[in-house]
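Shown next, in structure tokens, is the structure this report addresses.
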Amino acid sequence: MTAQATPLEFDGVGRVFTSAEGRIVALEDVSFVVRSGEFVSVVGPSGCGKSTLLRLAAGLIAPSTGRVFVEGNAAAARSKQTSLGMVFQAPVLMPWRSVIRNVVLPMELRGWDRARAQTRARELLEIAGLTGFENHRVWQLSGGMQQRVAICRALALDPEIILMDEPFGALDALTREDMNLYLARLTEASRKSVLFVTHSISEAVFLSDRVVVMSARPGRLIDTVEVTLPRPRLKETQFAPELGALSERVYRGVTGKSDSEIANSIRELA
Amino acid sequence: MDGVVTTQPGSPLSRIERSRRLVRGRRYRPLVLPIVSLVLGVVTWEGVARWYARPYLLPTPPSVMRFLAAHAHLLFAQSVNTLKVTFIGLALSIGVSGVVAVFMVAFAPIREALYPLVVATQIVPKVALAPLIVAIFGFGVTSKALIAFLVAFFPLMVTTVQGLVNLDPALVELMGVLRASPLTVMRKARLPNALPYFMDGVKISFTLALIGAIVGEFQAGTQGLGYLLQSGISNLQSPLSYAALLVLTVEGLVVYWLLELIGQVLVPWSASARASAGRQERA
């Protein structure tokens, strides 16, 4: 496709799951785009269909209504040629492969020759600060390191789009902060288009150009917050007053509470 | 330490010191305690054998050991025969269950057509087929290996199917994002995922194949430890039977331990291998 094609577009997307218990409407009439080089986060309460959005974008499932486009083509019909990186909540590494061989996997499936794939994997691991761990077994690494290996794997084919499904949800708070800084540095340098799903409002605001707020089931788009924080995002950015103000607006959207309601619940807590 | 720090009995320090000694002692317990049980077991055997006083049915441990020493060559030669039959049966199990498992997982219609039948045949007590197999295939290695195979095949096939199917769903999704074909998913994800399951299955299958081989030798016996065991009983030569049983046990243990070792080298990522390497599996 041409470079001008929108990396990712949701157009009136709905998704219904049918199970023995009945029909579950996971998503309803969701429309938004991720423009080239943009970092978009999706926040919302549990079960609002955030992960479903990512699976639709990855072409793992098809929408019940509406359309999903990846670089101008239907997401479900994405060919092997249009690569897309995905990072899950768990690292999802192959324990039978060494660190470097996990990163090599996408290139191997694409038929790259071994030397070229190894060189590329080494570069990625170096950026991730994992030089020296190439031949380690993945279970010898800490949770944060494993997730960095998973990010290297997602970047292996230099995809235009990266999908991330609560990638730091399983990490402790300090590691999570480090990972946020690492991801900000990485995406600012590469200008990838990122769709990032998270439970953490401050994480979403810190990393994003835009935060999409969704309602509880059925997941609907209820607010879009433009994040005006300057780039690059640094450690200091986490304590910037604007970040607090933006987080508050997102929080209001997620909880569906007005200012006075929030003030009341704070008073109740006190 | 003991000479330098002197403490009142019952004082806190001496209690700490005592618990330290206990922890130190614990290191040797996995080795010492089984040896103690073994010695106790042999002593009990000796006692019971003397009280029972029918050496043609229950020999004393020394008489078995004497027999073992005197006929080591015979026992060794016959144990090689038994092992040969066991390994042919095991190899057949590995080959057949590997192929059947892969095909059943790869092609749903094959699975649906075969799996219920394979499970149903497991109701048949395979040992009961032994006389029939001997009648058809004669008294040679073929019959015995076939019996070993029949007994050993099923658990290996089941564990291999499990290993091929129990792939982390997120890994399946990852392969989907990479647009991998079903064949690629099989080669790059399902087969390596099944390897630790398969190795566990091989260990179980080996012990079963050994049982099958012995049953075969009971039936079609002119050779093997199973034959020696039985002829020892029918000739009222009990030390022969017990010596054969002892060799059989040691043989089984050694091969099982070797398979365990091969498993650790081949699949260092498997949970059991990691546990024995002293590493905790990360959640």
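Those protein sequences? They're chains A and B, same order as listed.
Per this note's numbering, residue 2 is the first one in the first sequence, and the count goes up by one each step.
Per this note's numbering, residue 815 is the first one in the second sequence, and the count goes up by one each step.
We put the beta carbon where it would ideally sit given N, CA and C, even for glycine.
> Is there a Cβ from chain A that is less than 8 Å from the Cβ of P776 of chain B?
Replying inline: Beyond the ends of chain B as shown, which are 815 and 1097, falls residue 776 of chain B; an answer cannot be given.
> By DSSP, does T225 of chain A sit in helix, in strand, or in coil?
Replying inline: For T225 of chain A, the three-state secondary structure derived from DSSP is strand.
>> So that I know if they touch, is there some Cβ in chain A lying closer than 8 Å to that of T900 of chain B?
In response: With respect to chain A, the C-beta atom of T900 of chain B has no partner C-beta closer than 8 Å.
> In the stretch 833 to 904 of chain B, which residue ranges form an unbroken alpha helix (DSSP H) of at least 4 residues, counting only runs that do not cross its ends?
Replying inline: Within the stretch 833 to 904 of chain B, the alpha helix (DSSP H) runs of at least 4 residues that lie entirely inside it are, in chain order, 843 to 866, 875 to 884.
> Taking 8 Å as the CB-CB limit, is L1043 of chain B close to chain A?
Replying inline: L1043 of chain B does not count as touching chain A.
>> Please report the straight-line C-alpha distance between S1084 of chain B and L184 of chain A, rounded to a whole angstrom.
In response: Distance between S1084 of chain B and L184 of chain A, taken at the CA atoms: about 32 Å.
> Alpha carbon to alpha carbon, what distance is there between V69 of chain A and D30 of chain A?
Replying inline: One C-alpha to the other measures close to 12 Å.
> Is any beta-carbon of chain B found at less than 8 Å from that of V93 of chain A?
Replying inline: Chain B, which has a Cβ nearer than 8 Å to the Cβ of V93 of chain A, makes this yes.
>> Quick check: what's the CA-CA separation for K940 of chain B versus V916 of chain B?
In response: V916 of chain B has its alpha-carbon roughly 24 Å from the corresponding atom of K940 of chain B.
> Which of helix, strand or coil does DSSP assign to F89 of chain A?
Replying inline: F89 of chain A: coil per DSSP, three-state reduction.
>> Let me make sure I understand the geometry here. Which of A:R79, A:L61, A:L247 has the alpha-carbon closest to that of I202 of chain A?
In response: Ranking A:R79, A:L61, A:L247 by Cα distance to I202 of chain A puts A:L247 first.
>> Residues in the same chain with beta-carbon distance under 6 Å from V892 of chain B, minus the five sequence neighbours each way, listed in chain order, please.
In response: One point to set straight first is that residue 892 of chain B is Gln, not Val, in the sequence displayed. Excluding sequence neighbours, Q892 of chain B sits near G1038, L1039, L1042.
> Is the Cβ of F70 of chain A closer than 8 Å to any Cβ of chain B?
Replying inline: Output row for F70 of chain A: interface = no.
> Based on the DSSP output, what are the partners of N74 of chain A in its beta bridges?
Replying inline: Partner residues in the beta bridge of N74 of chain A, as assigned by DSSP, are A:V71.
> So what's F207 of chain A in DSSP terms, helix, strand or just coil?
Replying inline: Here F207 of chain A sits in helix by DSSP.
> So with Cβ pairs under 8 Å, would you call G990 of chain B a contact of chain A?
Replying inline: Yes, G990 of chain B lies at the interface with chain A (some Cβ there is under 8 Å from its Cβ).
> What's the call for Q1044 of chain B, buried or exposed, on a 16-neighbour Cβ count within 10 Å?
Replying inline: It counts as buried.
> Hey, how far is the Cα of Q147 of chain A from the Cα of L55 of chain A?
Replying inline: Their Cα atoms are separated by approximately 21 Å.
>> Can you give me the C-alpha to C-alpha distance between R36 of chain A and T7 of chain A, rounded to a whole angstrom?
In response: In this structure, the alpha-carbon of R36 of chain A lies about 6 Å from that of T7 of chain A.
>> Whether or not the stretch 76 to 90 of chain A and the stretch 1017 to 1028 of chain B are in contact is what I'm after, with contact meaning three or more pairs of Cβ atoms, one per stretch, closer than 8 Å; do they touch?
In response: The stretch 1017 to 1028 of chain B is not in contact with the stretch 76 to 90 of chain A.
> For the candidate residues A:G45, A:P107, A:V100, whose alpha-carbon lies nearest to that of A994 of chain B?
Replying inline: Of the candidates A:G45, A:P107, A:V100, the one whose C-alpha sits nearest the C-alpha of A994 of chain B is A:P107.
> Who does R24 of chain A pair with in a DSSP beta bridge?
Replying inline: DSSP, once it has assigned bridges, lists A:T19 as partnering R24 of chain A.
> Tell me which same chain residues have a C-beta within less than 8 Å of the C-beta of W859 of chain B, skipping the five on either side of it?
Replying inline: A distance below 8 Å between beta-carbons, with the five flanking residues on each side excluded, links W859 of chain B to the following residues of its chain, in chain order: T874, P875.
>> Please tell me whether, using a cut-off of 7 Å, the distance from the CB of F1020 of chain B to the nearest non-hydrogen atom of the ligand GDP is below it.
In response: Ligands in the displayed structure: none, and consequently the ligand GDP is not present.
>> Only counting the same chain, and skipping five residues up and downstream in sequence, which positions put a Cβ closer than 8 Å to that of V965 of chain B?
In response: Excluding positions up to five away in sequence, the list reads G903, K940, V941, L1022, A1023, I1025, G1026, V1029.
> Should F890 of chain B go down as buried or exposed, given a rule of 16 or more other Cβ atoms within 10 Å for buried?
Replying inline: By the 10 Å Cβ count, F890 of chain B comes out exposed.
>> Can you look up Q62 of chain A in the DSSP assignment and give me helix, strand or coil?
In response: What sits at residue 62 of chain A in the sequence shown is Ile, not Gln. I62 of chain A: coil per DSSP, three-state reduction.
> Under a three-way DSSP split, which group does L126 of chain A fall into?
Replying inline: L126 of chain A: helix per DSSP, three-state reduction.
>> With a threshold of 6 Å on Cβ separation, who are the neighbours of R925 of chain B within its own chain once the five nearest residues in sequence on each side are excluded?
In response: Excluding its 5 nearest sequence neighbours in each direction, R925 of chain B has C-beta neighbours in its own chain below 6 Å: M918, listed in chain order.
> Assuming R218 of chain A contacts V26 of chain A under a Cβ cut-off of 8 Å, what Cβ separation, rounded to an integer in Å, is found between them?
Replying inline: At roughly 7 Å, the Cβ-Cβ gap stays under 8 Å, so R218 of chain A and V26 of chain A are in contact.
>> Which complete beta strand (DSSP E) runs does the stretch 144 to 223 of chain A hold, if anything under 3 residues is left out?
In response: You should have 162 to 166, 194 to 198, 211 to 215.
> Using the beta-carbon of each residue, which ones in chain B are nearer than 8 Å to A59 of chain A?
Replying inline: Within 8 Å Cβ-Cβ: E987, G990, V991.
>> Give me the residue from A:S52, A:A155, A:W140, A:S32 with the minimum Cα distance to R121 of chain A.
In response: If we check each option's Cα against that of R121 of chain A, A:A155 comes out closest.
> Which of the three DSSP states, helix, strand or coil, is assigned to F134 of chain A?
Replying inline: Shown here, F134 of chain A sits in coil according to DSSP, grouped into three states, outside any helix or strand.
> List, in order along the chain, the chain B residues whose C-beta lies closer than 8 Å to that of P96 of chain A?
Replying inline: Counting only Cβ-Cβ distances below 8 Å, P96 of chain A has contacts in chain B at W1083, in chain order.
>> Helix, strand or coil, according to DSSP, for S1048 of chain B in the structure here?
In response: DSSP places S1048 of chain B in helix when its eight states are reduced to three.
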